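In the working numbering, the protein residues as written are 543 to 775.
Just so you know, even glycine gets a beta-carbon here, dropped at the ideal spot from N, CA and C.
Because the structure is a prediction, the values reported are computed rather than measured.
Okay, structure first, notes after.
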């Protein structure tokens with residue numbers, strides 16, 4: 543297992559300007575967050591330059607997060623849904639250009655009310671079918687992340703339903719421990735430790751951080767109330 547960090551921590555800066563800092567901190571593996579002004583996933587020349595910079599600093603990009611500013615694969619409006627799918631596919635190509643392996647995807651963003659949850663989930667499945675076909679062609683694995691409360695895919699059962707529908711070796715689960723801890727507290731869903739037996743056959747990526755179940759604090763392990771000793775057993 544490789545341990546790395548997400549560049550979300552540095553999203554307010556040009557990533558290239560922080561590579562020396564990451565190298566000096568001993569970081570060897572990254573998950574890149576695509577964001578304007580931080581990492582330009584749509585520019586081939588920029589990607590080639592960044593690929594050289596990563597290698598020069600001894601850093602490997604293992605994964606990349608889908609764009610989260612505007613892109614939502616569960617949108618009902620077809621134009622917006624298709625646009626979001628294409629943005630995710632652009633991210634997949636950027637990941638491929640950097641030699642990465644895992645594309646982290648959110649099933650969707652905020653839902654207006656529970657009545658729209660099913661419709662949004664079905665749109666998410668439709669989008670994932672398209673994205674999965676694209677990623678299978680390029681040999682990229684999708685890690686479907688459990689989201690924050692109130693969003694499409696905010697529960698482990700919902701994530702499992704989506705992943706099991708496709709039964710593809712190119713689609714697995716990214717367990718976000720902080721998000722899971724929040725939904726467990728708010729909705730009485732399976733907690734971080736309890737959900738592991740349910741998802742173990744699909745787990746391919748982890749977002750590890752802590753909180754007290756009330757807000758997405760992104761604290762270090764043991765700074766919240768997640769049972770980390772139970773988690774690593």
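Can you name, in chain order, every residue of its own chain whose Cβ lies under 6 Å from the Cβ of residue i, other than the five neighbours on each side?
i, result
"residue 580", "553, 557"
"residue 652", "692, 693"
"residue 759", "753"
Does the beta-carbon of residue i have 16 or more other beta-carbons within 10 angstroms, so that it is buried, or is it exposed?
i, result
"residue 636", "buried"
"residue 590", "exposed"
"residue 688", "buried"
"residue 551", "exposed"
"residue 763", "exposed"
"residue 618", "exposed"
"residue 774", "exposed"
"residue 679", "exposed"
"residue 568", "exposed"
"residue 733", "buried"
"residue 620", "exposed"
"residue 629", "buried"
"residue 598", "exposed"
"residue 650", "buried"
Among the residues of its own chain, which have a CB less than 8 Å from the CB of residue i, if the five just before and after it don't count?
i, result
"residue 702", "715, 740, 741, 744"
"residue 788", "For the chain, the structure presents residues 543 to 775; residue 788 sits outside this window and is missing."
"residue 661", "618"
"residue 746", "644, 683, 685, 714, 715, 716"
Report the CB separation of residue i from residue j in whole angstroms; it is logged as a contact under 8 Å.
i, j, result
"residue 735", "residue 684", "Not quite, the Cβ-Cβ distance comes to about 25 Å (not below 8 Å), so this is no contact."
"residue 632", "residue 583", "6 Å"
"residue 694", "residue 659", "7 Å"
"residue 626", "residue 613", "4 Å"
"residue 638", "residue 608", "In fact, because the Cβ distance is near 14 Å, the residues do not count as touching under 8 Å."
"residue 666", "residue 615", "6 Å"
"residue 728", "residue 691", "5 Å"
Can we count residue i as close to the ligand NAD, meaning its CB is less than 6 Å from some heavy atom?
i, result
"residue 581", "The ligand NAD is not among the ligands present in this structure, which contains no ligands whatsoever."
Counting along the chain, where does the alpha helix (DSSP H) carrying residue i start and finish?
i, result
"residue 701", "698-708"
"residue 721", "719-729"
"residue 644", "Looking at the DSSP string, residue 644 is not in any alpha helix (DSSP H); the run it does join, the beta strand (DSSP E), is 644-647."
"residue 592", "586-598"
What are the boundary residues of the beta strand (DSSP E) that residue i is part of?
i, result
"residue 683", "683-687"
"residue 573", "571-574"
"residue 749", "745-749"
Can you name, in chain order, every residue of its own chain whose Cβ lies under 7 Å from the Cβ of residue i, other than the five neighbours on each side?
i, result
"residue 770", "763, 764"
"residue 642", "603, 604, 605, 606"
"residue 575", "548, 549, 550, 553, 581, 607"
Between the region 671-680 and the region 717-737, do at least 3 Cβ pairs fall closer than 8 Å?
Not touching, per the Cβ criterion.
Touch test, the region 749-756 against the region 696-710, Cβ-Cβ under 8 Å, three pairs minimum:
Verdict: no, contact absent.
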